[in-house]
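Take 1 as the starting number for the sequence shown in the UniProt record's numbering and just add one per residue.
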Amino acid sequence: MARDERGRRVYDWWSGHQRLFGVLSTLLLFGKGDDARARGVTSLALDPGDTVLDVGCGPGVNFPALREAVGPDGTVVGLDYSAGMCHRARKRVRKAGWQNVHTVRGDAARPPFETQFDAAYATLSITAMPEATAVIDAVYDSLRPGGRFVVVDTRPIQDAPWNRLNPLFTPISRLATNWQPDVDVVGALRDTFETYSLTEYNGGTLYVATATREAEETADTTTSQE
């Protein structure tokens, strides 16, 4: 619970310092964040009319791309436990005049709704959540059969010689973003979902993981490098 409260405080603070957060993210992600987000939205394979959940939506940065993908007949639901971030997200929605984009404040490990989604998306949020495995289980349960969960997130640098930078980047990220570097999100996705694929950036520290809930269990795992 202490880590939950710290996370809320951290992101309530960041909700009022979005430009600074953008600069920090660009530096820590070596400028690849936008590329990863774009690939993530494409990997969702959304159709017009779909309902998509944005897990840890923050200030709603993903809303424009998600709404464009589902169209005016679809629905975007953003979920975040930071009051400050939810305020920013709702302000974005009001300014844009979107009627089919909604923001809900709540714990992603215990979603405050029973909606079934066609897809779910999480960008740089799962590893800031102390109960990451419970979040992944909750997302799985909220997806319709065949639904996709795409996660854009980070982990310690995997490849040499760049992994020598981990002692520098890890404490900075932990302090600034409530990052939980020991959380194995990729492993949890692999263990929970029937299929998954992985695309890596920046020596494996930034990745796009696509996991699919299927009616029939299959074994399909691929990894690519960029």
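Note that beta-carbon positions come from the ideal geometry of N, C-alpha and C, so glycine has one too.
Predicted model, so just to flag it, every value in this text is computed and none were measured.
Around the beta carbon of Ala38, fewer than 16 other beta carbons sit within 10 angstroms, so the residue counts as exposed. Along the UniProt domain "Methyltransferase" (52-147), the beta strand (DSSP E) occurs as fully enclosed runs of 3 or more residues at 75-80, 101-105 and 117-123, listed in sequence order.
Counting C-beta atoms within 10 angstroms of its own C-beta, Gly31 has fewer than 16 neighbours from the protein chains shown and is therefore classed as exposed. By the Cβ criterion, the stretch 118-131 is in contact with the stretch 140-152, since at least three pairs of Cβ atoms, one from each stretch, lie closer than 8 Å. Segment contact: the stretch 160-170 against the stretch 92-105, fewer than three CB-CB distances shorter than 8 Å; contact not assigned. Below 8 Å, too few C-beta pairs join the stretch 73-82 and the stretch 181-194 to call them touching: fewer than three. A contact is defined here as three or more CB-CB pairs under 8 Å, and the stretch 166-178 meets this definition with respect to the stretch 14-30. Secondary structure of Glu5 (DSSP, three-state): helix. For His17 and Val10, the gap between their C-alpha atoms comes out near 11 Å. Pairing Gly74 with Ala119, the inter-Cα distance amounts to about 12 Å. Following the DSSP letters along the chain, one finds Val186 inside the alpha helix (DSSP H) bounded by residues Val185 to Thr192. Excluding the 5 residues flanking it on each side, Asn100 has same chain C-beta neighbours closer than 6 Å at Thr75, in chain order. Listed in chain order, the non-local C-beta contacts of Ala36 below 7 Å within the same chain comprise Val152, Tyr201, Leu206 and Val208, local neighbours out to five positions each way being set aside. Measuring C-alpha to C-alpha distances from Val61 to each of Leu44, Glu131, Asp137 and Asp34 identifies Asp34 as the nearest.
For Phe30, the three-state secondary structure derived from DSSP is coil.
In this structure, Leu189 and Ile136 form a Cβ contact; the two beta carbons are roughly 6 Å apart against a cut-off of 8 Å.
Within the same chain, Glu200, Gly203, Gly204 and Thr205 come within 8 Å of Gln158 by CB-CB distance, once the 5 residues on both sides are set aside. Per DSSP, Thr205 lies in no beta strand (DSSP E) and is assigned neither H nor E. Between Gly40 and Ala89 a beta carbon distance of about 18 Å is seen, past the 8 Å cut, so the two are scored as non-contacting. Taking C-beta atoms as the reference points, Pro130 and Gln180 count as a pair closer than 9 Å.
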